[in-house]
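This report refers to the structure that appears directly beneath it.
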Amino acid sequence: MTCILETRSLNKEFGAVIAAKDLNVQIHKGEVVGVIGSNGAGKTTFINMVTGYLKPTRGEILFNGKSIMGHSPRAITRAGMARSFQVAQLFPEMTVLDNLIVALAAAESARPSFLSPLRSDARIARAEEVLKEFGVANYRDSMVTAVPQGARKLVDIAMALIGNPQMLLLDEPTSGVSMDEKTGLMDTVMNAVRQHGVTVLFVEHDMDVVERYVSRVLAFYSGEIIADGKPAAVLADQQVRDLVTGHRPTIKQGNGAS
Amino acid sequence: MRLDKTEISLGLIALGCVLFGFVSPGWLIFLLTIALAKALVVQGVVMQMRSGLVSFGQGLFYCIGGYTVGMGGQFFGIHDAVAALSLGMFVAIIIAMLLGLLLTRYREIFFAMLSLAFSMILFGILVKSQELGSTDGFNVHDWTLFGWAPEAGAGSQYTVFTMTVVSGLIVAVLIHRYTKAGIGVICEAVRENEVRVEYLGLSPRWLLYGNYVAAAAVSALGGGLTALATGHVDPEMAYWTTSGEFVFIALLGGLGHVAAPFIAAIVFSFVRTYAIEFVPHTWQMILGFTLLAVIIFLPKGLWSLVSREKTGERA
Amino acid sequence: MKNNKSKFSKHLVSGVAALALAAGAAGSASAAENGKFRVGIVTFLSGPAAGPFGVPSANAAKVLVEELNKGNLPAPYDKIGINGAEIEAVIIDEAGGATKQVEEYRNLVQRQKVDAVIGYVSSGDCLAIAPVAEELKTFTIAYDCGTPRLFADNPDAQYMFRTGLDASVDNIGAVRYLAATRPDVTRLAGIQQNYSWGQDSWADFTAAASALLPEAEIVEEQFPKIYQGQYGAEISALSVKRPEIVHSSFWGGDMEALVLQANARGLLEDATGLLTCGEASFATYKDQAPNGMIIGARGPFGQFAPDNELNTWFKGVYQNAYDIEPVYPATKMAQAILGLKYAAENAGVADKEIPSAEQLSAAMKGATFESVSGTVEMARGNGHQAMQGITYGEYHYEDGVASIKNAVSFDGECVTPPEGVAAADWIADGFPGAKCN
Amino acid sequence: MTSLLAVLIDGSIYASWLFLVAAGLTVIYGVMRILNMAHGSFYAIGAYSAASLVGWYFNNGIGPAWVSYLMLVGAALVAGLIVGVIIERGLLRLMYGRDEILMVIITYALLLILEDGMKIVWGVSPYFAYQPYSELGRTSLGLLKVSNYDVALVGVSALLGLGLWAWLERTNQGKVLRAVIHDREIAVAMGVNVKLMFTITFVLGTTLGALAGALTAPAISVVPGIGIEVIVLAFAVVVIGGLGSIGGAAVGALLVGLSRAAAVHYAPEFELFVIYGVMSLVLAFRPEGLFGRTLARKI
């Protein structure tokens, strides 16, 4: 398995607060990795560093073997690593379709055209296809502010995926979504991801979701990775149970997924 | 090149304006010329407003356009109006490409204030330049159009009017396309969510930069036409209150449609002209109340009167 | 965005059509052919120039028009109105810059159908209006603006006249006054507003000083921003150079603030102030200006206007109406209106008939007419520019009464360059042909 | 040597005036996020109120001169309070929550209205209140003569700055205000009456503006348009210092004041550009101003 993303001794300090300490992670092509940890454990900091939003204090980040330290978010995106957000980051005064068309046009070229129309037939067709894939085609012409939270999260992820990235980072894809919507949402997302053959790393609080979809789990605690491995093994780890997941009664639904 | 319905209507209206010029009294032609020329400057303000930036210094490019046309005729022997106007746009583009490097790092109030500062610096330079007449400025005359010199008076006035209408039409069609093209829509996207644009792999800064430069060129064209129409330029063109007027007109029209700035500029000119005539001592107050009324009752500008029944319409 | 297109274009067309109609209707609404002589009066009604210049001028225009319509003036202006026709004045604000003034000038002429325009304090406005006056063939009198470029830039002017003097006269006169009363001064300093007016004034003053006061040197010059209002640093910079004379072309609030601050800080005790526009604030200085400060009125106007019958009458009605003596802008406005009346009544048209702009211009060109300031000769600028003498004097305030002392007048020929010669060249050549008594 | 001393003295006098003018602007922005273009008009209203009251006092020749200093301050307080309350309650209250830039434009409309409003109330003729200025006399430092009133103004300005700082940092109300500045939503959640805090802040800001005008009035001729000239200056000072920071406004005022005085004495031809030059230079290196805070967006 080739390594797509690797971090070496990644550190981040905010003044006296250590948000990341010697993170050494290797993600391989095709993996679906879950990141768990309580609030403030450094999960989002990790994603923000990897995608260029935050500059690490020390360390090295390699994407496809090349350093992306100090690169801007847009350079990292163009290199093939896309992300979604805890709170869906959309264009609130546009329709769902236009949100996707903008994302598509952005993926096609870094230099937008000055005079030829953005909403070309080809782009509309492709965007509609993706909307269908994500099951939100019925919101095609709604303003994004008028669609339910779950659909917004899906649009957010669809915008990241429409550019055919090699790797996708999902920051709490199910946060803010009701319990009974979560599974449906994740099924939709994971199906789409599988079809595109994308490597996925996602941050998640819901252990059921983690167990169901990931092939590997990273457990964070106060800026450090305290466990890394198969979901069953990590979730059974005493330290993880003490510091991250709390003491859950038993494992409910089978033994992990994929 | 296929024209859509908006473009055809714009063309028809422009034709109507040119014909209307034959029967309209001189003062009205002049008022419309100035209003339309200023509307071009306002188009520059509106282009930036769409991307979320409010320029309180668009007078900079208005002034550059005007002074280039004036100096071209006065000092460099460029008497052809089209050449002089193009030169004005060219100079504005060069200056905008330099200033844009700094300005696109700023947003909101900081962009507004810094653009104002640059405009005031030009004002200061012109006031210091006694060769250019300091605050008195200088007159712009003896221009030609492709070698043809329109007769002084009504003839040249009508020529400038027609030139302004035609420029207005060309710019309106281009901006209409621009707002629907990649850069236009994505600039709006920058206003709505800059972080997301960055994470789509685009550079908001360079988008705003391109938009800033394009807006500068349009505004300079408006300044050049104003210089030809009034026959005079002075540093007041770069003073911050002039830029404030452009923002005023931009809000009056709203961002709803490419035609809105033109209509707003005409309405503004009428309101001001009649306010000056009927309440010469308190015309500014009338303008102030008009502006407040627009903000409170027509937050999307005059254009929302036109598009009111079209719910959910986006420009 | 979809099926709205057709509706939209209808709206667009109907909106513009409605606007055009409204405009057309408005245009036809005025057009007064009521036998009255309509005069557009343009001066500052708002902004910093309104208090010192605009309002006194507008007031002078109002009271004079009223009295003219009653036929109350002394001879030769005792005919009712202008040439027997009642005067209707349209007063508008000069604030807002040259572009706006060109627009308003066209409105006055083409929409309001005025027969003549009198106005403009700002040189920038004068310069912008001059070519438009020619284009619209409208008789126009610049009553106050001082730029020497008015006729230099427009040598073929037909319809534009100026009944006030240009700024080089102020400063040549100021130097002549110094040479006459203080020939031994050696240390000159200046503080000017940083715009055309201040820059030109200082250039003329220093050039004339080097010709007429060869012993004097310029020890300091300051150019603060116009309307700055606070001159602390400038006053210090001037003080430390120990000047004997501090020349300033400041006007209005800036001038009053400068006098207040410079006086409080002793500058005007150690040095003598010379204010070319000083007379405009004659009534407001009280004890805040030191005795002996030299002031001018940009010609024989205001306090420096002679005691002829016209001026006595004018001061009377002005004081009656506004409870204050007229300052120089008021006198200058009166002079412009009298000039217009003179031209109209000597244009060779029948009683009550309103002469054309061509007839007015022909009558005004090179004319000599009586005014509140004495006799005015339109002897420069090809007969379009007035030539008059200029007077300077010292301000004195005692027992609550302000007065002028040590006034010295210079003839027009003494302070005005000959026809066709630029002031700078005339000064540089040592005033060839100047006739001084 | 004399001119160096002069630069320091002139610079601090001008800086203290700039600070007086800018303080109200920055307080309002800090709490309410409104960059108030009408601030100059409050300055002018203060100047007019003070000049007409003091002018009336001396014209009628009653009472001792020291009363006039109280009148200056009193006129500013009353004028600032009345105008502030009317505008905040009557207009701005309807607009809260709108875009920052839109608020700028609303205050621009307010500026147009107030400028003509003042003309209706006070006319266009100049008002004078020079007695408090000349009454204090002057001090000679060699060739340099300094007006005692100006020197007193430096003290007043410093005291005012310290007072504002103490109020913000040392009182309960100040703490609440800082909470509002820091995070409005959390402040609301904590039960802070933000509306009341807004009224207090706005009135404080207008009063500070009026006070600046009133204290300047004795040294100038109060005429239409004095407010317009002040706005851009005050903006520059506040932007240099960092919007919303009192300390920043003080440092910005000193920076502009001293560099302008230096330009007047050593390089008069650059005087016109000094303020914009300093502003562009500061912003080029510190886009948020000297004491501005960068707010990183949470994603």
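Taken in sequence, the protein lines are chains C, W, V and Y.
The opening position of the first sequence corresponds to residue 0 in numbering that gives the first Met the number 0, with each subsequent residue numbered one higher.
The opening position of the second sequence corresponds to residue 0 in numbering that gives the first Met the number 0, with each subsequent residue numbered one higher.
The opening position of the third sequence corresponds to residue 0 in numbering that gives the first Met the number 0, with each subsequent residue numbered one higher.
The opening position of the fourth sequence corresponds to residue 0 in numbering that gives the first Met the number 0, with each subsequent residue numbered one higher.
Each residue gets a CB set at the ideal place from its N, CA and C atoms; glycine is no exception.
Next item on the list: Indicate the three-state DSSP secondary structure (helix, strand or coil) for D186 of chain C in the structure shown.
Entry: In this structure, D186 of chain C counts as helix in the three-state DSSP scheme.
Checklist line | Where Q283 of chain W meets chain V, residues with beta-carbon distance less than 8 Å | finding: Near Q283 of chain W (Cβ distances below 8 Å), the residues of chain V are S45.
Next item on the list: Kindly provide the ranges of any alpha helix (DSSP H) runs that are 4 or more residues long and lie completely inside the region 44-85 of chain C, ordered along the chain.
Entry: Within the region 44-85 of chain C, the complete alpha helix (DSSP H) runs of at least 4 residues are 72-78.
Margin query: For I199 of chain Y and V41 of chain W, I'd like the C-alpha separation in whole angstroms.
Written below: Near 37 Å, if we compare the C-alpha coordinates of V41 of chain W and I199 of chain Y.
Next item on the list: Identify every residue that forms a DSSP beta bridge with E30 of chain C.
Entry: Answer by DSSP bridge pairing: none, since E30 of chain C is not bridged.
Check: Under 9 Å between C-beta atoms, does I12 of chain Y make it to chain V?
Finding: Residue-level contact by beta carbon holds for I12 of chain Y and chain V, with a gap shorter than 9 Å.
Next item on the list: Can you give me the Cβ contacts of P55 of chain V inside the same chain, cut-off strictly under 7 Å, excluding the 5 residues immediately before and after it?
Entry: Only P325, V326, P328, A329 meet the Cβ criterion.
Check: With A259 of chain W and W205 of chain W assumed to form a contact (beta carbons below 8 Å), what rounded beta-carbon distance in angstroms separates them?
Finding: The Cβ separation is near 27 Å, so there is no contact.
Next item on the list: Helix, strand or coil for A476 of chain V, going by three-state DSSP, please let me know.
Entry: There is simply no residue 476 of chain V to check, as chain V begins at 0 and stops at 436 in what is shown.
Next item on the list: Determine, using beta carbons only, whether G265 of chain V and M292 of chain V come nearer to each other than 9 Å.
Entry: The Cβ atoms of G265 of chain V and M292 of chain V do not sit closer than 9 Å to each other.
Check: Relative to the alpha-carbon of A261 of chain V, which residue among V:A320, V:A60, V:A232, V:G53 has its alpha-carbon at the smallest distance?
Finding: Comparing Cα-Cα distances from A261 of chain V to each of V:A320, V:A60, V:A232, V:G53, the minimum goes to V:A232.
Check: So, is D22 of chain W buried or exposed, given that buried needs 16 or more other C-beta atoms within 10 angstroms?
Finding: For the sequence presented, residue 22 of chain W should be read as Val rather than Asp. Answer is exposed; the Cβ neighbour count stays below 16.
Next item on the list: Inspect the beta-carbon positions of G309 of chain Y and G73 of chain Y and report whether they are closer than 9 Å.
Entry: The question about residue 309 of chain Y has no answer, for chain Y in this structure spans 0 to 298.
Check: Is it the case that the Cβ atoms of G226 of chain Y and S51 of chain Y are separated by a distance below 9 Å?
Finding: Taking the C-beta atoms as reference points, S51 of chain Y is found no nearer than 9 Å to G226 of chain Y.
Note to self: What residue range does the alpha helix (DSSP H) around D203 of chain V cover?
What the structure shows: 195-211 is the extent of the alpha helix (DSSP H) around D203 of chain V.
Margin query: Whole angstroms are fine: how far does the CA of T198 of chain C sit from the CA of M166 of chain C?
Written below: Cα to Cα, M166 of chain C sits roughly 5 Å from T198 of chain C.
Notebook entry, point to check: If you count every other CB in all the chains shown that lies within 10 Å of the CB of E357 of chain V, and 16 or more means buried, which is it?
Noted result: Exposed.
Notebook entry, point to check: Using a Cβ-Cβ distance under 9 Å, would W205 of chain W count as near chain Y?
Noted result: At a cut-off of 9 Å between beta-carbon atoms, W205 of chain W makes no contact with chain Y.
Next item on the list: Would you check if the distance between the CB atom of G253 of chain W and the CB atom of G300 of chain W is smaller than 9 Å?
Entry: Their beta carbons are under 9 Å apart, which means G253 of chain W touches G300 of chain W by this criterion.
Next item on the list: Kindly indicate the opening and closing residues of the beta strand (DSSP E) around Y394 of chain V.
Entry: Here the beta strand (DSSP E) through Y394 of chain V covers 389-397.
Margin query: Classify Q198 of chain V: buried if its beta carbon has 16 or more other beta carbons within 10 angstroms, exposed otherwise.
Written below: Flag for Q198 of chain V reads buried.
Next item on the list: Report the residue from Y:A108, Y:L232, Y:G122, Y:E168 whose alpha carbon sits nearest the alpha carbon of S15 of chain Y.
Entry: Taking only the C-alpha atoms, the option nearest S15 of chain Y is Y:L232.
Notebook entry, point to check: Does Q227 of chain V come within less than 9 Å of chain Y when only Cβ atoms are used?
Noted result: Any Cβ of chain Y closer than 9 Å to the Cβ of Q227 of chain V would place that residue at the interface, and such an atom is present.
Checklist line | Beta-bridge pairing of W147 of chain W - partner residues as DSSP gives them | finding: Per DSSP, W:L144.
Notebook entry, point to check: Any beta-carbon of chain Y closer than 9 Å to the one on K127 of chain W?
Noted result: K127 of chain W counts as touching chain Y.
Checklist line | Same chain, Cβ closer than 6 Å to M206 of chain C, five either side skipped, listed in chain order | finding: Its chain contains T244 as the residues whose beta carbon lies nearer than 6 Å to that of M206 of chain C, once the 5 sequence neighbours on both sides are disregarded; these appear in chain order.
Check: Going by other Cβ atoms of all chains shown within 10 Å of its Cβ, with 16 needed for buried, is N58 of chain Y buried or exposed?
Finding: So N58 of chain Y ends up on the exposed side.
Margin query: Is it buried or exposed, R259 of chain Y, if we count other Cβ atoms within 10 angstroms and call 16 or more buried?
Written below: Classification for R259 of chain Y: buried.
Check: Would you call V143 of chain C buried or exposed, if buried means 16 or more other Cβ atoms sit within 10 Å of its Cβ?
Finding: By the Cβ-count criterion, V143 of chain C is buried, with 16 or more other Cβ atoms from all chains shown falling within 10 Å of its own Cβ.
Item checked: M292 of chain V - containing beta strand (DSSP E), residue span -> Its beta strand (DSSP E) spans residues 292-295.
Next item on the list: Check the Cβ of I190 of chain V against every Cβ in chain W and list those closer than 9 Å, keeping chain order.
Entry: Within 9 Å of the CB of I190 of chain V, no CB atom of chain W is found; the nearest one sits about 16 Å away.
Margin query: In the DSSP output, what is I17 of chain C paired with across the bridge?
Written below: BP columns for I17 of chain C point to C:E12.
Notebook entry, point to check: Straight-line CA distance for T187 of chain C to F84 of chain C?
Noted result: In this model, T187 of chain C and F84 of chain C are separated by some 17 Å (Cα to Cα).
Note to self: I want to see whether chain W comes within less than 9 Å of S279 of chain Y, judged by CB atoms only; does it?
What the structure shows: Closer than 9 Å: yes.
Checklist line | Where G230 of chain W meets chain V, residues with beta-carbon distance less than 9 Å | finding: Here the neighbours are V101, A127, P130, V131, E134.
Item checked: Cutoff 7 Å; reference R148 of chain V; Cβ partners in own chain excluding five residues on either side -> Once the five neighbours on either side are set aside, the close Cβ partners of R148 of chain V are L126.
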